[in-house]
Each structure stands twice: as C-alpha cells, then as structure tokens.
Amino acid sequence: MTSPSDNTRAALQIDRITMREIRLELREPFRISSGLMSARRIALLELFDASGARTWSECVAFQLPIYSSETIDTAWLAIREWLAPRILGRRFESPEEVHAVLEESVRGHNMAKAALEMGCWGLAAVLRATPLATLLGGTRDRVPTGISLGIQPEPVLLVQRAQAAVAAGYRKIKVKIQPGQDVEYVRAVRVALGDTVDIMADANSAYTLRDIEHLAQLDEFDLIMLEQPLGDDDLVRHATLQRRMTTPICLDESITSVDRAEDMIALRSGRIINIKPGRVGGLSASKTIHDVAARAGMPVWCGGMLESGIGRAYNVALASLPNFSLPGDLSPSARYWARDLVSPEWTMDLDGMVRVPVNRPGLGVAVDEDLIEALAVRREDLRPARVVVAAS
Ligand code: OSB
Ligand code: MG
Numbered sequence: 078m079t080s081p082s083d084n085t086r087a088a089l090q091i092d093r094i095t096m097r098e099i100r101l102e103l104r105e106p107f108r109i110s111s112g113l114m115s116a117r118r119i120a121l122l123e124l125f126d127a128s129g130a131r132t133w134s135e136c137v138a139f140q141l142p143i144y145s146s147e148t149i150d151t152a153w154l155a156i157r158e159w160l161a162p163r164i165l166g167r168r169f170e171s172p173e174e175v176h177a178v179l180e181e182s183v184r185g186h187n188m189a190k191a192a193l194e195m196g197c198w199g200l201a202a203v204l205r206a207t208p209l210a211t212l213l214g215g216t217r218d219r220v221p222t223g224i225s226l227g228i229q230p231e232p233v234l235l236v237q238r239a240q241a242a243v244a245a246g247y248r249k250i251k252v253k254i255q256p257g258q259d260v261e262y263v264r265a266v267r268v269a270l271g272d273t274v275d276i277m278a279d280a281n282s283a284y285t286l287r288d289i290e291h292l293a294q295l296d297e298f299d300l301i302m303l304e305q306p307l308g309d310d311d312l313v314r315h316a317t318l319q320r321r322m323t324t325p326i327c328l329d330e331s332i333t334s335v336d337r338a339e340d341m342i343a344l345r346s347g348r349i350i351n352i353k354p355g356r357v358g359g360l361s362a363s364k365t366i367h368d369v370a371a372r373a374g375m376p377v378w379c380g381g382m383l384e385s386g387i388g389r390a391y392n393v394a395l396a397s398l399p400n401f402s403l404p405g406d407l408s409p410s411a412r413y414w415a416r417d418l419v420s421p422e423w424t425m426d427l428d429g430m431v432r433v434p435v436n437r438p439g440l441g442v443a444v445d446e447d448l449i450e451a452l453a454v455r456r457e458d459l460r461p462a463r464v465v466v467a468a469s
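Sequential numbering of the sequence shown, starting at 78, is according to this note's numbering.
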C-alpha cells in the first residue's frame, strides 16, 4: 500500500506544449442568465514530457466573459506569455508543486492556470501508469450525475426536459433561472416531478439583495440548493440571503481559491460548494477545497463548464473523492455533442451513475487526435526558452 503522498510523486518535465483551438457545436444551445452558448471555442493543450509520455488537457474558459472575467483569448495569451514559460523545461517531483509556481506573481487567470496544472496531473497519471482518479485520492468507481437545464422560453419546455432527464436516470435536476423566469419555472418543475426528485436552481449571479423577498419565495419548493444567486465575487451578501432563506445556498462563481472557500465557511455565505477545477486554478486547489469543506461538514459537488470529453475526464476523476457527496454536473457526451473528442464517450447508466475509469491509466479515455486535428482552427507550439549562454 502506498500513501496518497507517495502516490502523487511522479517527476515531470514538460518539454513541449501544443495549444490548439477547436470549434465544437452544442447539440442544443444553452442559455444561462448572462448569455447564450450554441457552439464552444475550446482551447486544448497537448503536453509532452521529456520521457516521451504525453497527455491532453482542456481550458474551460468561454468565448465571452459571461461567467468569469476570463475568455478563451485571454487564457491563450496568459498561457503562452506568462504561464507555460514557468512550466516548460522545469522539473516537478509532483503535480502538487505546479499550482504554487503558477500563482507566484501572476494574479488571476485561474482557468489558464488550471489547464496547465490539470495537464500536469494527467501527465503524472500517465507516467505512473495510474488512473487519474486514483492519483487524486478518489475512492469510488461510479459517481452520481445531475443535469443542468438551460433557461427555456416557456415553463412547459423546461418541464419536458426535466421529465426526460428523470426518465434517463439523472439524480439531480438543476434549472437555470433569471429574473422573470424563476419562481413559476421552478414551481412548474416541482409540480411535474413530484416531491421525491432532487431539484435545484442556478442563477449565475442574476440577482441582488433587493430581490431578497422574491428569492425567499423559492423556499416553498424544497430545493436541495440555490446556486450563486448574487454577485459573482460576493460572500457577504450571500450570508445575508442565507440567513433569510431555508434553502441551502451553494456558491459557484464566488469560490475562486482555497482562501475564498475558507471565507465562505467563516462568513456562513452558504452551505454547499460547487467545485470546478478550472475556476479555482486546478486540481490541487480543488482537492484542498474538498478537504477544507469536509472538515467543516460542508458537502461539495463537481460542476461543469460544457467541457468536451477531455475536460470531463478530469471532472469525473475529481468527483470520485469522498466528500463529493452530491451529484455532479457530469452529463454524458451525447447530451452536449454529436461526436465527442474521446472514446469511449462518457455515458451514464439508468441509475444516473457515470463510471470512473479506475482500471485504465491516465485520463482513462482515448483522445481522438484525428478529429481534433480536423477541428483545429489555431495551433501554437510552446517550448522552453532557449538558454542563452553568455560568451565569456
Ligand atoms: O454555472 O454551472 C454553471 C454552464 C455554463 C456556464 C455556467 C454553468 C453551466 C452549467 C452546465 O451549469 C454544466 C455542465 O453541464 O457542464
Ligand atoms: Mg453555476
């Protein structure tokens, strides 16, 4: 038996990173309070270790700054100019060392940092011929899945999708809301699905404390949580709202680091955390937030960013840690894409469970490199800066 810290010891030295941008059409447009997405521009990293090992990672930033301030273009710049140069050619004994190196004197750009940091975890898993989930300390081989349903033009359309999702086996139904499309939408879903289904709502920061009495009407529907109703960087107002509501508040956008998670716990800004590794700068920070929350008795779950199957591999591995006690936004490939970038594609069984590939090393899925090449619209190779030896 190796201890978890032994398990993460896997020396890495990355001598090349190829960045590619691909376009991937969503099977159905996805509307959140701050915007509509019908296709994804996705930045992918292919990371090459000096030993010849290789893997892929994904940057979750969207095309527009509608979720956080980052975009695919800011992330591309940050990776190329400031972040990859710190990683390339440098020896790391463990992927746990990478986050601190990326944090040093570069503020923000968490999704850019995370793409690199997660790639280092993926590469370490390949180097050790270990499943990523095992390397991270995962304890389960199946994880429960919820669905996130975008805002629909009519409650009846939302109800149809919610009913189909329950029939497909999903363990949690998340409904996107915004002012004008909230209480009546949630009511319609609760009435249609009955009292036994776990339902929640996600506002993506669409409200302010002026809406406090309006939001409190949601208490009537016994939601398992209300996700990020207020400002995208707020903790104090969420604490005020949580005191007024019985529904547990879950924070997503506001939790951008381990410190912010600790502040949320101290301020009682909510009772549940949605962990997205892209938002917090990678898997090490995700694991620490998981541990901090577990010590505080606070459940966490793994969110999603409409990732391709590459990003999903990292999320599924993370979600196998023990305090991910609520279903994650880990829908199968076919919900998003006509054809995903990995095989096998991610699937869900009729009990709403996704299998963690605990018997396959690395990401646990094969990356369809021909498809990526065919979809690529931009490509850049990054290498260590040439060491200039001064003439003496
Ligand atoms: O807030 O969790 C969110 C999608 C885009 C932007 C923000 C969010 C979401 C989702 C979908 O809820 C999660 C997924 O299925 O990948
Ligand atoms: Mg959210």
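Ideal placement from N, C-alpha and C gives every residue a C-beta, glycine not left out.
- Which value, in whole angstroms, describes the spacing of the CA atoms of residue 384 and residue 210? Locating residue 384 in the sequence shown gives position 307, counting from the first residue. Locating residue 210 in the sequence shown gives position 133, counting from the first residue. Distance between the alpha carbons of residue 384 and residue 210: 18 Å.
- Does the beta carbon of residue 305 fall short of 8 Å from some heavy atom of the ligand MG? Counted from its first residue, the sequence shown places residue 305 at position 228. Yes, the Cβ of residue 305 comes within 8 Å of a heavy atom of the ligand MG.
- Message: Looking at the strands, I want to know which residues DSSP matches up with residue 101.
- Response: For this step, residue 101 is matched to residue 24 along the sequence shown. Answer is 117.
- For residue 81, three-class secondary structure by DSSP: Locating residue 81 in the sequence shown gives position 4, counting from the first residue. Only weak support exists for where residue 81 lies, its pLDDT of 45 falling under 50; the coordinates are left without a value.
- Buried or exposed: residue 291, going by 16 or more other Cβ atoms within 10 Å of its Cβ? Position 214 of the sequence shown, counted from the start, is the residue given in the question as residue 291. Label assigned to residue 291: exposed.
- Nonlocal neighbours in the same chain, by C-beta distance under 8 Å from residue 160, ignoring five residues either side: Along the sequence shown, read from residue 1 onward, the residue named residue 160 stands at position 83. Here the set comprises 179, 183, 186, 189, 190 and 193.
- Query: Helix or strand or just coil, what does DSSP make of residue 442?
  - Reply: Taking the sequence shown and counting its residues from 1, one reaches residue 442 at position 365. Three-state result, residue 442: coil.
- Return the first residue and the last residue of the alpha helix (DSSP H) that residue 188 is part of. For the purposes of this step, residue 188 is taken as the residue at position 111 of the sequence shown. Start and end: 187-204.
- Task: Give every residue of the same chain whose Cβ lies closer than 8 Å to the Cβ of residue 165, excluding the five residues on either side of it in the sequence, and list them in chain order.
- Result: Residue 165 sits at position 88 when you count from the first residue of the sequence shown. Closer than 8 Å at the Cβ level, and outside the excluded window around residue 165, lie 91, 92, 93, 94, 459, 460, 461 and 462.
- By Cβ distance below 6 Å, which residues in the same chain neighbour residue 348 in space, the five residues on each side in sequence not counted? By one-based count along the sequence shown, residue 348 stands at place 271. 325, listed in sequence order.
- Item | Same chain, Cβ closer than 7 Å to residue 261, five either side skipped, listed in chain order | Along the sequence shown, read from residue 1 onward, the residue named residue 261 stands at position 184. These residues qualify, in order along the chain: 232.
- Task: Assign residue 388 to one of three DSSP states: helix, strand, or coil.
- Result: Position 311 of the sequence shown, counted from the start, is the residue given in the question as residue 388. Residue 388 falls in the helix class under three-state DSSP.
- In angstroms with no decimal places, state the Cα-to-Cα distance between residue 80 and residue 407. Counted from its first residue, the sequence shown places residue 80 at position 3. Counted from its first residue, the sequence shown places residue 407 at position 330. Because residue 80 sits at a pLDDT of 43, beneath the cut-off of 50, its placement in the model cannot be relied upon, and the following sentence gives the value as read from the coordinates. When rounded, the distance between both Cα atoms is 28 Å.
- Would you mind giving the Cβ-Cβ distance between residue 223 and residue 109, rounded to the nearest angstrom? I have them listed as a contact below 8 Å. The residue you call residue 223 lines up with position 146 of the sequence shown. The residue you call residue 109 lines up with position 32 of the sequence shown. Residue 223 to residue 109, Cβ: 16 Å. No contact.
- Which same chain residues, not among the five before or five after residue 427, have their C-beta less than 6 Å away from its C-beta? What you label residue 427 is simply residue 350 of the sequence shown in a count that begins at 1. For residue 427, where only same-chain residues beyond five positions count, the Cβ hits under 6 Å are 246.
- Message: Is residue 527 near the ligand MG - that is, is its Cβ less than 8 Å away from at least one heavy atom of it?
- Response: Residue 527 cannot be examined here, being either before or after the span of the chain that is shown, 78 to 469.
- Query: Would you report the Cα separation of residue 454 and residue 302, rounded to the nearest angstrom?
  - Reply: Against the sequence shown, residue 454 aligns to sequence position 377. Against the sequence shown, residue 302 aligns to sequence position 225. Cα-Cα distance, rounded: 40 Å.
- Item | Whether residue 126 touches residue 203 by CB criterion (9 Å) | Here the question's residue 126 lines up with position 49 in the sequence shown. Here the question's residue 203 lines up with position 126 in the sequence shown. Yes; because the gap between Cβ atoms is below 9 Å, this pair is in contact.
- Item | Spatial distance of residue 377 from residue 338 (CA atoms) | Position 300 of the sequence shown holds residue 377. Position 261 of the sequence shown holds residue 338. Each residue's alpha carbon lies about 11 Å from the other.
- Is any heavy atom of the ligand OSB found at a distance shorter than 8 Å from the C-beta of residue 384? Counting from one through the sequence shown, the residue named residue 384 turns up at place 307. Result yes, Cβ under 8 Å from the ligand OSB.
- Sorry if obvious, but does the Cβ on residue 284 come closer than 8 Å to a heavy atom of the ligand OSB? Your numbering for residue 284 matches position 207 in the sequence shown. For the ligand OSB, not one heavy atom lies less than 8 Å from the Cβ of residue 284.
- Query: Is residue 329 near the ligand NAD, going by C-beta to nearest heavy atom under 8 Å?
  - Reply: Although the ligand NAD was asked about, the structure shown includes only the ligand OSB and the ligand MG as ligands.
- Cβ shell of residue 152 (< 8 Å), same chain only, five flanking positions each side left out: Reading the sequence shown from its first residue, position 75 is the one you call residue 152. Result list for residue 152: 120, 136, 138, 186, 188, 189 and 192, in chain order.
- Could you check the C-alpha separation between residue 297 and residue 144 for me, to the nearest Å? One-based indexing of the sequence shown puts residue 297 at position 220. One-based indexing of the sequence shown puts residue 144 at position 67. Near 28 Å, if we compare the C-alpha coordinates of residue 144 and residue 297.
- Could you tell me if the beta carbon of residue 420 falls within a distance shorter than 8 Å of some heavy atom in the ligand OSB? In the sequence shown, residue 420 corresponds to position 343, counting from 1. Flag unset: Cβ of residue 420 not near the ligand OSB.
- Item | Alpha-carbon to alpha-carbon, residue 285 and residue 221 | Here residue 221 refers to the residue found at position 144 of the sequence shown. Here residue 285 refers to the residue found at position 208 of the sequence shown. Distance between the alpha carbons of residue 221 and residue 285 is about 32 Å.
- Start and end residues, alpha helix (DSSP H) containing residue 282: For the purposes of this step, residue 282 is taken as residue 205 along the sequence shown, with counting starting at 1. Where residue 282 is concerned, there is no enclosing alpha helix (DSSP H), given that its DSSP letter is neither H nor E.
- Task: Just the C-alpha distance for residue 158 and residue 129, rounded to the nearest angstrom, thanks.
- Result: Within the sequence shown, numbered from 1, the residue matching residue 158 stands at position 81. Within the sequence shown, numbered from 1, the residue matching residue 129 stands at position 52. For residue 158 and residue 129, the distance between alpha carbons rounds to 25 Å.
- Message: Are there any heavy atoms of the ligand OSB lying less than 8 Å away from the beta-carbon of residue 107, as far as the coordinates show?
- Response: By 1-based counting over the sequence shown, the position of residue 107 is 30. For the ligand OSB, at least one heavy atom lies less than 8 Å from the Cβ of residue 107.
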